[in-house]
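To start, the structure itself, in structure tokens.
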Amino acid sequence: RCEPGTGEINYPAIARALEEMGYRGTIAMEAWASADDALALERFRAAFTSRPAALPA
Numbered sequence: 044r045c046e047p048g049t050g051e052i053n054y055p056a057i058a059r060a061l062e063e064m065g066y067r068g069t070i071a072m073e074a075w076a077s078a079d080d081a082l083a084l085e086r087f088r089a090a091f092t093s094r095p096a097a098l099p100a
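Quick note: the sequence shown uses our numbering, first residue 44, plus one each step.
Structure follows, in structure tokens:
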């Protein structure tokens with residue numbers, strides 16, 4: 044349960060599913076930073092705010 048990109052949970056897929064169902068509420072995550080806190084926060088943000096090229100805007 045560390046930051047996105049370091050484990051088994053596909054956070055971008057979860058974000059896509061929430062967006063597709065029209066969810067607009069709060070998203071909370073419980074995880075631990077595996078190393079640098081600032082890098083971990085950036086990974087958390089990126090998992091739920093970036094749009095890979097294959098996703099529609």
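Where is the CB? At the ideal position from N, CA and C, for every residue including glycine.
By how many angstroms is the C-alpha of residue j removed from the C-alpha of residue i?
i: ASP80; j: GLU73; result: 14 Å
i: GLY68; j: ARG88; result: 15 Å
i: GLU62; j: GLY50; result: 22 Å
Taking 8 Å as the cut-off, decide whether the C-beta atoms of residue i and residue j are in contact.
i: ALA83; j: SER77; result: yes
Assuming residue i contacts residue j (C-beta within less than 8 Å), just tell me the rounded distance between them.
i: ALA60; j: ALA90; result: So it is not a contact: roughly 13 Å between Cβ atoms.
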